[in-house]
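For the sequence shown, counting from 1, position 217 maps to 217 in the working numbering; every step adds exactly one.
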Amino acid sequence: MGGAFVAVANDSSATWWNPAGLAPGPFLDVAVGGATTDIDGSLPSRRERSLWFTLTTPPIGFSYYHLNITDIGQIRTIGAGAGGREDRRAAVPDWSLSASQFGATLVHTVVSDVHVGTTLKYVRAKGNLGELTGSENLAPAEWLDLADGSTGDVDNDFDFDLGVLAVRGPVRLGGVVRNVLEMDLGPVKIPRQARLGVAFDAAAISPRSLVVAVDTDLVAYQTPYGDRRVVAIGGEGWVLGRRVGVRAGARFNTTGAGEQAYTAGASVAVRSGMFVDGHVVFGGTDDESGWGITARASF
Numbered sequence: 001m002g003g004a005f006v007a008v009a010n011d012s013s014a015t016w017w018n019p020a021g022l023a024p025g026p027f028l029d030v031a032v033g034g035a036t037t038d039i040d041g042s043l044p045s046r047r048e049r050s051l052w053f054t055l056t057t058p059p060i061g062f063s064y065y066h067l068n069i070t071d072i073g074q075i076r077t078i079g080a081g082a083g084g085r086e087d088r089r090a091a092v093p094d095w096s097l098s099a100s101q102f103g104a105t106l107v108h109t110v111v112s113d114v115h116v117g118t119t120l121k122y123v124r125a126k127g128n129l130g131e132l133t134g135s136e137n138l139a140p141a142e143w144l145d146l147a148d149g150s151t152g153d154v155d156n157d158f159d160f161d162l163g164v165l166a167v168r169g170p171v172r173l174g175g176v177v178r179n180v181l182e183m184d185l186g187p188v189k190i191p192r193q194a195r196l197g198v199a200f201d202a203a204a205i206s207p208r209s210l211v212v213a214v215d216t217d218l219v220a221y222q223t224p225y226g227d228r229r230v231v232a233i234g235g236e237g238w239v240l241g242r243r244v245g246v247r248a249g250a251r252f253n254t255t256g257a258g259e260q261a262y263t264a265g266a267s268v269a270v271r272s273g274m275f276v277d278g279h280v281v282f283g284g285t286d287d288e289s290g291w292g293i294t295a296r297a298s299f
């Protein structure tokens with residue numbers, strides 16, 4: 001849905017999007033998944049890989065997220081000509097970060113249909129920040145070690161997210177502040193983000209299973225790629241007796257480089273309470289492409 005999910009998430013994905021969303025969700029939800037994204041429109045090009053596991057049963061949830069980001073900005077010769085070896089050229093990472101986040105989510109209903117939640121998180125990161133030197137003489141396997149972030153200092157820190165969700169008939173209003181303490185992971189400072197979302201869920205007042213949503217960042221925040229302030233819009237509908245769900249969306253950065261991306265996805269109920277979710281990302285000013293898949297059980 002393009003990231004328009006702060007007011008929508010009500011399963012274990014709420015541990016990431018808005019911890020307050022757990023309150024009206026299922027009794028038990030567990031998911032495991034992964035995603036990959038490549039951005040090739042400008043140097044340095046960027047590659048992102050992520051994995052996650054989430055388990056929730058309100059009023060508590062547990063989550064694990066792993067993210068690896070690699071920027072590739074140069075082409076250098078690897079294994080230069082010594083002893084008749086064939087010269088090979090490869091992109092060398094200028095910047096890489098590998099981070100694992102362990103989270104515990106707690107949620108509480110303040111009054112009927114008004115919920116608050118928090119995700120307490122411990123983050124452990126390892127990265128190589130800044131241009132690599134001497135890497136033109138590395139063998140390919142050694143270069144891959146650098147590319148996946150296995151060199152550099154290890155750092156860790158604690159932080160938390162805060163979320164709120166209010167539901168009135170078909171209208172859902174959500175807000176989240178992520179990285180409240182703006183944790184420091186070595187030379188990297190993880191910025192605070194504040195996002196507001198509103199959604200309309202037609203299923204609350206009619207037989208139609210249709211959701212439309214809009215999210216917006218309330219303030220711009222800094223990233224290694226420039227300032228970001230994102231507006232996202234998306235929709236979701238279920239057909240065939242809620243056995244197949246389809247969704248689409250778009251997101252736009254209204255500051256900095258002003259990049260954009262478009263998304264589409266689907267969910268299939270392989271049996272009662274068992275789902276396979278997938279999505280693709282494409283287009284945009286930075287030639288972004290990617291995909292993800294999740295297996296989920298929800299009861």
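The beta carbon of each residue, even a glycine, is placed where N, CA and C say it ideally should be. Remember, predicted model here, so these are calculated numbers, not experimental data.
- In this structure GLY127 is in contact with SER96, their Cβ atoms being roughly 6 angstroms apart against a cut-off of 8 angstroms.
- Taking a C-beta distance under 9 angstroms as the contact criterion, TRP16 and THR54 qualify as a contact pair.
- If you draw a straight line from the Cα of THR254 to the Cα of ALA232, it comes to about 10 angstroms.
- Contact between the stretch 21 to 41 and the stretch 283 to 293 is present: 3 or more CB-CB pairs across the two stretches fall below 8 angstroms.
- Here DSSP, grouped into helix, strand and coil, assigns GLY103 to strand.
- Restricting attention to THR118, THR119, VAL110 and VAL123, the CA atom closest to the CA of SER100 is found in VAL123.
- For the alpha helix (DSSP H) assignment, the stretch 195 to 266 encloses no uninterrupted run of at least 4 residues.
- Apart from the 5 residues on each side of it in sequence, ARG49 sits with its Cβ closer than 7 angstroms to the Cβ of THR36 and ASN68 in its chain, given in chain order.
- Per DSSP, ALA4 lies in no beta strand (DSSP E) and is assigned neither H nor E.
- Pairing GLY163 with PRO19 gives a Cβ-Cβ distance under 9 angstroms.
- GLY292 carries a strand assignment under DSSP once its states are collapsed to helix, strand and coil.
- Following the DSSP letters along the chain, one finds ALA14 inside the alpha helix (DSSP H) bounded by residues 14 to 17.
- The three-state secondary structure of LEU165, taken from DSSP, is strand.
- Rounded to the nearest angstrom, the Cβ distance from VAL177 to ASP157 is 17 angstroms, too far for a contact under 8 angstroms.
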